[in-house]
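These notes concern the structure reproduced below.
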Amino acid sequence: MAAETTTVAAPSTHSSADERTDLSGFGYQQELHRGVGYFASFAAGFSFVSILTTVFQLFGLGFSFGGAAFFWTWPAVFAGQLLVALCFAELAARYPISGSIFQWSSRLAGTDFGWFTGWVMIVGQILTVATAAIALQAVLPSIWSGFQLIGGSSADSAPTSPTGAQNAVLLGLLLLVVTTVINIIGVRLMAMLTSVGVVIELLGVAALVVALFFQAERSPSVVLTTEGAPEGSYLPLWLASSLMAAYVMVGFDSAGELSEETHRPRRTTPRTIIRALVVSGLGGVLLLLGGLVAAPSLTDGTLATGGLAGVLTSQLGGVGGRLLLAAVAVAVFACTLAVQTSGARMMFSMARERSLPFHRVLGKVSPRTGTPIATSLVVGVGAAIALAVNWNQSAVFTALASLCIAMLYLAYLGVTLPLLLKRLRLRRSGGLESGIAEDGRPLFSLGRWGIAINVVAVAYQVVMVVNLVWPRPEIYDLTGDTWWLKWSALLFIGLTLVVGAVIHWRNRVRHDGAIMLGALHTSAEPQEAAA
24 MAAETTTVAA PSTHSSADER TDLSGFGYQQ ELHRGVGYFA SFAAGFSFVS ILTTVFQLFG
84 LGFSFGGAAF FWTWPAVFAG QLLVALCFAE LAARYPISGS IFQWSSRLAG TDFGWFTGWV
144 MIVGQILTVA TAAIALQAVL PSIWSGFQLI GGSSADSAPT SPTGAQNAVL LGLLLLVVTT
204 VINIIGVRLM AMLTSVGVVI ELLGVAALVV ALFFQAERSP SVVLTTEGAP EGSYLPLWLA
264 SSLMAAYVMV GFDSAGELSE ETHRPRRTTP RTIIRALVVS GLGGVLLLLG GLVAAPSLTD
324 GTLATGGLAG VLTSQLGGVG GRLLLAAVAV AVFACTLAVQ TSGARMMFSM ARERSLPFHR
384 VLGKVSPRTG TPIATSLVVG VGAAIALAVN WNQSAVFTAL ASLCIAMLYL AYLGVTLPLL
444 LKRLRLRRSG GLESGIAEDG RPLFSLGRWG IAINVVAVAY QVVMVVNLVW PRPEIYDLTG
504 DTWWLKWSAL LFIGLTLVVG AVIHWRNRVR HDGAIMLGAL HTSAEPQEAA A
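Numbering follows this note's numbering, in which position 282 of the sequence shown is assigned residue number 305; successive positions increment by one, without gaps.
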């Protein structure tokens, strides 16, 4: 892709009226309330990634497969996802619209393809909300045994145990009630709570890293060994352990979901998408390394079952460990809230195109709160159902985590692949459209590196999708003898696409053809000035 040639205009103040005019260039009215600033936009992406939530949730799982060397899955996944984030940043600058994955895919590959991309993303986000909510089980019982409501305080609270899995579902359902109410109240409350949660999470990460390294039991060179890994060929084990890193580093695009609620989105959103992933990547690598060097033992099995929560309580004592775990609990709350908000905006964006059942209700924004109340309820209820049907499934943590991330990776691929094809078609004419942001500066661009970055991003995503849906009984079927659980990822994805095909066909028949999106408008420059 060629470098941008747009002349840099002088920075200008950009009013809310300008933002409404910019949005109207796509054919949409300003219905959602713009109450999201730069930090809140960053917080939306960072909270979705939420390294405290997800690293604590799946550290033990990653270590149980790959031992100490599972650490290297983190930089590998981070590098791949950074390439994806760079591609998304370009699109966020050009199409600052809610339902970003659906909108981007539709404008790159047509609305039929984009609809399926959005549909897969919605289902994946609902599953991710459920998976984030049950992360409370990895934290709360370690703070106080009274949080183990199923079986009493003496019951096994390990997430993969029957009592631990059932308690995770119960705690998750209670959390979903709270986040759904907050989402209904309004975006300003959501943004404020998410921002507060991110501040606490950042402080918690810094405190945890310092505390873990001060309690080091071994040198960081342990990551060059496979200590703690089970017997057998190591490569398959290492690939399985990458589930943890793959699960953590998604959701940075959620800043794009809030574009219609963000001030100066063409300038703000690309930067916050990249920054959310980079900060998460740096913080996560230190957390992983700290946990490995501070663990009392890498070979007695406690790190695989207790994870980082066990390391904290054993090394820092009752009071210190519990205080830091409280910060993790706040991060779980903020993560669940951010993921639910993102899913609700995706569903709203598709519903206002009359492309979902009950679109009149789902596509409506409350004039009082400025939020799509119905979609917030549907995402919350959908996540609750996903938890409830797994009440007796001890693999609820691993299966839901792997499945929801596979769905998100597929949806991401539904953007980066058509983006690559568009780059190849337009490479002689300069690549993606140029334009200016709200401050008069050129839109974010990868320039001549666009094609190379995009190619590697797509290759990485294909490999990870195959890795995530691979029918490993250790992930999907802890019983070891239930074939449909073992193949549940592929079966569920297939069922999702079949159901989606029926819904999409029905909508095309009822609405006389394909979805018709508004006109392209890839610059904050006023339409009449750009003509």
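Cβ atoms here follow ideal geometry from the backbone N, Cα and C, with glycine treated the same way.
- DSSP places D462 in no alpha helix (DSSP H); its state is neither H nor E.
- With the rule of 3 Cβ pairs closer than 8 Å, the segment 93 to 103 does not count as touching the segment 118 to 126.
- Within the DSSP bridge table, the entry for T285 names V59 as partners.
- Just so you know, the alpha carbons of L216 and F111 end up roughly 26 Å apart.
- DSSP places L513 inside the alpha helix (DSSP H), whose first and last residues are S511 to R533.
- In the three-state reduction of the DSSP assignment, Q484 falls in the helix class, which pools H, G and I.
- The three-state secondary structure of D504, taken from DSSP, is coil.
- By the Cβ rule, the segment 254 to 271 counts as touching the segment 83 to 94, because three or more pairs are nearer than 8 Å.
- Rounded to the nearest whole angstrom, the C-alpha separation of P441 and Y435 is 11 Å.
- The Cβ-Cβ distance between T398 and F371 falls below 8 Å.
- Distance from S365 to F71 at the Cβ level is roughly 6 Å; contact confirmed, criterion being Cβ atoms closer than 8 Å.
- Taken through DSSP and simplified to helix, strand or coil, E240 comes out as coil.
- With a threshold of 16 other beta carbon atoms within 10 Å, A229 falls short and is exposed.
- L423 and V488 have their alpha carbons spaced roughly 15 Å apart.
- Exclusion of the five residues before and after I173 leaves T186, Q189 and N190 as the residues of its chain whose Cβ lies within less than 6 Å of its Cβ.
- Our two residues, A252 and L347, have alpha carbons roughly 28 Å apart in a direct line.
- A residue is called buried once 16 or more other Cβ atoms fall within 10 Å of its Cβ, and M144 is buried on that count.
- Between L520 and the set V401, T140 and E284, the nearest pair of CA atoms involves T140.
- In summary, E254 is exposed, with fewer than 16 beta-carbon neighbours lying within 10 Å of its beta-carbon over all protein chains present.
- In its chain, beyond the 5 residues on either side, A112, E113, A116 and P293 have a beta carbon closer than 7 Å to the beta carbon of F467.
- DSSP places A357 in the helix class (H, G or I) of the three-state scheme.
- Just so you know, the alpha carbons of G458 and P465 end up roughly 6 Å apart.
- Taken atom to atom, the span from the alpha-carbon of E280 to that of L196 is near 24 Å.
- A distance below 8 Å separates the beta carbons of V438 and S128.
- The segment 230 to 237 makes no contact with the segment 54 to 64: fewer than 3 CB pairs, one atom from each, lie closer than 8 Å.
- DSSP, read as helix, strand or coil, puts L75 in helix.
- Counting only residues of its own chain and dropping the five nearest sequence neighbours on each side, R289 has a CB closer than 7 Å to the CB of A116, P119, A460, E461, L466 and A547.
- DSSP places S265 inside the alpha helix (DSSP H), whose first and last residues are Y257 to V271.
- A482 and F515 have their alpha carbons spaced roughly 23 Å apart.
- By alpha-carbon distance to V308, the top candidate from A349, V351, P98 and G393 is P98.
- Per DSSP, reduced to three states, the secondary structure at G137 is helical.
- Unbroken alpha helix (DSSP H) runs of no fewer than 4 residues, entirely contained in the segment 125 to 185, are found at 134 to 156 and 163 to 166, following chain order.
- Y432 carries a helical assignment under DSSP once its states are collapsed to helix, strand and coil.
- Per DSSP, V412 is not a residue of any alpha helix (DSSP H), being assigned neither H nor E.
- If you compare the alpha carbons of D135, S303, V107 and T505 with that of L379, the shortest gap goes to D135.
- Here A349 is actually not in contact with L75; their C-beta atoms are around 11 Å apart, not less than 8 Å.
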